[in-house]
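Everything below concerns the one structure shown next.
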Amino acid sequence: MSNIVIGISSGIAAYKIINLIERLLEIGHTVDVMMTKKASYMISPGKIEEMTGRSVYINLFEDNFSYEQVLKRRKVDHIELAKQADLFVIAPATANIMAKMASGIADDFLTTALLATHSPVLICPSMNDVMWYHPATQRNLHTLESFGYEVFSPASGSLACGTEGIGRLQEPRDIAQEITKILVRTTKLKGKKVLVTGGGTIEPIDNVRVITNRGSGKMGKALAEICYRYGAEVKFIHSEQSVRSHLPIQSIPFQSLNDLSEILEKEVPNSDLLFHTAAVSDFTSDAVAGKIESSKEIRIELKPTPKIINRIKKWNPKIQLIGFKAITSNSGKEISLQSEKLFNNANTDYVVVNDVSRHDIGFEANENEVYVVSRDQKVHKIDKASKIHVAEEILKIVFSSRPQAGGLNRSTE
Ligand SMILES: Cc1cc2nc3c(=O)[nH]c(=O)nc-3n(C[C@H](O)[C@H](O)[C@H](O)COP(=O)(O)O)c2cc1C
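Structure below.
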């Protein structure tokens with residue numbers, strides 16, 4: 001059974017959390033509760049303490065706070081609870097707490113603990129419909145989703161303020177089900193060793209200039225985080241300039257194509273799955289020592305590089321390989337032509353194709369829109385969404401595939 005931390009903020013639906021706690025205790029979970037100061041006007045912390053047999057946390061600083069005690073114990077409650085949580089549920093989530101979470105504000109026990117957790121976070125908003133549709137709330141919602149937080153959107157119906165519309169807290173029964181779903185998901189890739197590459201390689205021209213590309217590592221980071229959330233043992237092999245994950249995912253940096261190749265040669269034989277999103281340079285040059293004189297025209301001879309992806313299955317024929325291909329159009333013909341090349345040359349299991357001629361998706365963007373092509377040439381389009389959402393959709397497609405030798409099998413679903 002799991003340790004569920006519930007954070008209650010001061011929405012009028014806070015009273016419903018009693019029922020949610022009852023359900024979670026019945027299943028056998030342990031439940032820790034923290035609430036905002038204002039939530040303690042909505043619902044009695046004492047009643048919850050009676051139910052859970054544990055303290056309810058509201059204040060960051062106790063009345064008799066002493067820093068000497070903290071230094072002696074080397075333990076702080078909000079960090080301990082954040083570490084122990086298998087899942088953090090914010091219910092009800094006010095418009096205010098969503099705004100604070102989206103901005104990283106940590107000004108009370110609950111918001112500080114939230115910033116200090118690696119656990120999955122489920123947000124259950126509830127508010128007046130005008131508050132919900134306010135552009136600030138909608139922007140915060142998108143930001144929270146891009147962090148990989150789960151949002152259980154409110155239901156429509158009669159609201160406490162006397163109007164009808166969207167904004168009702170989802171029923172405790174449904175929140176409990178959502179919690180179970182997330183907890184089950186955290187075990188789906190248990191025991192699987194997943195590699196994700198991301199970012200662009202750097203090939204030197206001289207001691208100052210380099211050949212590189214616009215690969216930011218954002219898609220790779222999103223895939224690494226989703227695989228981690230599904231319980232896999234993940235290594236994120238990324239360019240030194242790439243974005244990093246705040247999650248405890250092993251990070252292996254590379255610079256050049258040769259570095260990346262050496263890392264993969266070592267890691268691939270012991271891994272089950274590789275998402276190869278790194279933008280590997282197609283060209284290199286004979287690097288010159290020193291700094292090339294800039295006063296006159298020069299010609300640099302670009303030589304094609306060996307394709308790392310073509311070696312992966314030689315290093316480990318059983319690995320499930322998901323190749324990524326950047327194209328500059330989204331014509332069906334181009335998608336099937338480019339994916340066919342990777343199937344034939346690299347024996348990939350899937351090819352994820354995206355159109356890098358657009359500025360709103362692909363390289364450097366926070367969102368993506370991709371086509372996932374399977375070996376039988378089935379094409380699944382994943383519509384434009386945050387990279388974390390696209391990453392999860394890619395994973396679901398890979399999951400729902402027929403068992404393949406050595407790849408993910410249905411027993412992990
Ligand atoms: C009677 C009453 C009901 C409220 N219900 C909600 C609500 O359902 N959702 C919401 O976002 N805010 C609601 N508010 C406003 C919040 O309590 C207010 O924004 C508060 O500052 C949020 O603080 P907190 O996020 O720290 O709990 C309500 C306020 C009152 C007085």
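The letter at position 232 of the sequence shown is residue 232 when you use this note's numbering, and the numbering goes up by one with no holes. Idealized CB from N, CA, C, for every residue including glycine. Quantities reported herein were computed from a predicted structural model and do not represent experimental measurements.
Short CB-CB distance (under 8 Å) between residue i and chain B
| i | result |
| --- | --- |
| C227 | In the structure shown, chain B cannot be found, because there is only a single protein chain. |
Same chain only: Cβ atoms within 6 Å of residue i, ignoring 5 sequence neighbours per side
| i | result |
| --- | --- |
| F363 | R214, V356 |
| K396 | none |
| A484 | Because residue 484 is not part of the residues shown, which for the chain are 1 to 413, the question remains open. |
| G407 | Because the pLDDT of G407 is 38, which lies under 50, any placement of that residue in the model is unreliable, and the number read from its coordinates should be weighed accordingly. Hits under 6 Å: Q320. |
| K381 | Y371 |
| E393 | I382 |
Neighbourhood of residue i by C-beta, 8 Å cutoff - its chain only, sequence neighbours within 5 removed
| i | result |
| --- | --- |
| E150 | P120, V121, L122, I123, E178, I182 |
| L81 | V5, D32, M34, Y57, A113 |
| M131 | A95, T137, G167 |
| Y67 | none |
| L260 | T197, T201, I237, F254, A278, V280, I308 |
| A176 | L20, R23, L24, I27 |
| V210 | I202, E203, P204 |
| H359 | A365 |
| W315 | L264, E265, V268, P269 |
| A391 | M219, A222, L223, E225, I226 |
| S432 | Summary: the structure shown does not reach residue 432, with the chain confined to residues 1 through 413, and so no result is reported for it. |
Beta-carbon separation (whole angstroms), residue i vs residue j, contact threshold 8 Å
| i | j | result |
| --- | --- | --- |
| I300 | I263 | I300 to I263, Cβ: 27 Å. No contact. |
| E203 | S256 | 6 Å |
| M34 | V70 | Wrong, their Cβ atoms sit about 18 Å apart, outside the cutoff. |
| L159 | N128 | 6 Å |
| L155 | A99 | In the sequence as displayed, the identity of residue 155 is Ala instead of Leu. Between A99 and A155 the Cβ distance is about 21 Å, and since that is not below 8 Å, they are no contact. |
| I27 | I17 | 15 Å between Cβ atoms; not a contact. |
| D206 | K83 | D206 to K83, Cβ: 48 Å. No contact. |
| R229 | G148 | 7 Å |
| G231 | K266 | Their Cβ separation, rounded to whole angstroms, is 24 Å, which puts G231 and K266 out of contact at 8 Å. |
| S126 | A13 | 5 Å |
| K310 | N258 | Note on identity: in this sequence residue 310 is Asn, with Lys being the wrong assignment. Going by Cβ atoms, the distance from N310 to N258 rounds to 15 Å, so no, they are not a contact pair. |
| G217 | V243 | 5 Å |
| H78 | F109 | 5 Å |
| M51 | H29 | So it is not a contact: roughly 12 Å between Cβ atoms. |
Cut-off 7 Å between Cβ atoms - residues of its own chain near residue i, not counting five sequence neighbours on either side
| i | result |
| --- | --- |
| S10 | T36, K38, A39, Y41, M42, T94 |
| S294 | none |
| V353 | K325, I327, I335, Q338, S339, V370, Y371, V373 |
| A405 | With a pLDDT of 36 at A405, under the threshold of 50, the modelled position of that residue is not reliable, and no figure is offered here. |
| P172 | K16, N19, L20, R23 |
| V208 | K291 |
| R375 | F343, D349 |
| P304 | D282, F283 |
| I298 | I292 |
| E49 | S55, V56 |
| P45 | M35, V56, I58 |
Residue of the options minimising C-alpha distance to residue i
| i | options | result |
| --- | --- | --- |
| A102 | S386, Q138, Q377, Y230 | Q138 |
| D349 | N330, I361, K378 | K378 |
| L342 | N330, K313, I361 | K313 |
| F88 | I105, R74, A116 | A116 |
| D286 | L302, F65, N344, S44 | L302 |
| F152 | K235, L169, C161, N3 | L169 |
| K193 | K296, P269, S2, F65 | P269 |
| P306 | G162, F283, E49 | F283 |
| Q241 | V234, V351, S251 | S251 |
| H118 | T30, D86, E164 | D86 |
| E233 | S271, F65, S329 | S271 |
| G104 | L144, H78, I90, K333 | L144 |
Closer than 7 Å: residue i CB and nearest ligand 2 heavy atom
| i | result |
| --- | --- |
| K303 | With respect to ligand 2, the structure offers nothing, as its ligand set consists of ligand 1. |
If contact is defined by three or more beta carbon pairs under 8 Å, each pair taking one atom from either stretch, is the segment 314-328 in contact with the segment 259-275? yes
Using a Cβ distance threshold of 8 Å, determine whether the segment 94-105 contacts the segment 59-66, with at least three qualifying pairs required. no
Across the segment 382-394 and the segment 364-371, are there enough close Cβ pairs to call them in contact, namely three or more that are closer than 8 Å? yes
With a cut-off of 8 Å, do at least 3 Cβ pairs link the segment 246-255 to the segment 220-231? yes
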